[in-house]
Amino acid sequence: LAVDVIPVVALTAEGSAVGDALAAIEAGACQVVRQPADSRGMVLALAQGEQWRRMWRRQAAATRHERRTDRVYQETLKALGSALDTRDPETQEHATRVVTNALRLGKALKMSRQELVALERGAVLHDVGKIGVPDGILMKPARLSNAEWHCMRSHAEIGYDMLASISFLAEALPIIRFHHENYDGSGYPEGLSGEDIPP
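The opening residue of the sequence shown carries number 1 in our numbering; numbering runs sequentially from there.
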């Protein structure tokens, strides 16, 4: 929005109570000048009001930038998800279930907002590495051979490598890389166990 603000400097009546000044600030004044006011006090109040306006504009611009950046991130995630969905339509439903359950669990664990954002991104993209798995293996209706299974298991590392240079996904990368690790150490790609597995 291109909305600007006008800083309000309130003038209180001579002999007014401190409560009047507080009421003016609560009503939105950025500065209060008590009477009798001299010219230096007025100039200082107006200068501080202008400083307040500039600060507000910087914060508003930062908020707009953050919203635009967040929208770009969401569109990027959708594009990556769509790329996988075109190869394996069943993955979309699976990813949606994983996101829903992961966020439910994250909230139950009282994760911070930042951790929940990373969790959601990782959940959306956890199988993106399947883009690098050949169709003959990915879509095979029969049981996979040992070699095919080895190739299928590589999707966790493929996904990690694909996204490793995207800075806004840095906190989601462990989810993508280690989502098939098992607490007993029987998972992949590294066979991590227990507390060695990132949350």
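For glycine and all other residues, C-beta sits at the position ideal for the given N, C-alpha and C. Just so we're clear, the structure is a prediction, and the values are computed from it rather than from any experiment.
Count the other CB atoms within 10 Å of the CB of residue 172; is the residue buried (16 or more) or exposed (fewer)?
buried
Residue 158 to residue 130 span [Cα, whole Å]
8 Å
DSSP-derived helix/strand/coil call for residue 9:
strand
Contact the stretch 111-127 vs the stretch 159-179: 3+ CB pairs below 8 Å:
yes
DSSP three-state call for residue 133: helix, strand or coil?
coil
Whole-Å CB distance - residue 13 paired with residue 31, under 8 Å assumed
Rounded, the Cβ-Cβ distance is 16 Å, inconsistent with contact.
So, using beta-carbon positions, are residue 165 and residue 189 closer together than 9 Å?
no
Can you give me the Cβ contacts of residue 174 inside the same chain, cut-off strictly under 7 Å, excluding the 5 residues immediately before and after it?
198
Considering just the uninterrupted stretch of the beta strand (DSSP E) at residue 143, what are its terminal residues?
Element bounds for residue 143: n/a, residue is neither H nor E.
Which listed residue (19, 59, 28, 146) has its alpha carbon closest to that of residue 8
28
Cα separation between residue 151 and residue 144?
10 Å
Residue 48 by DSSP, collapsed to three states: which one?
helix
Give the DSSP-derived three-state secondary structure of residue 59 in the structure shown.
helix
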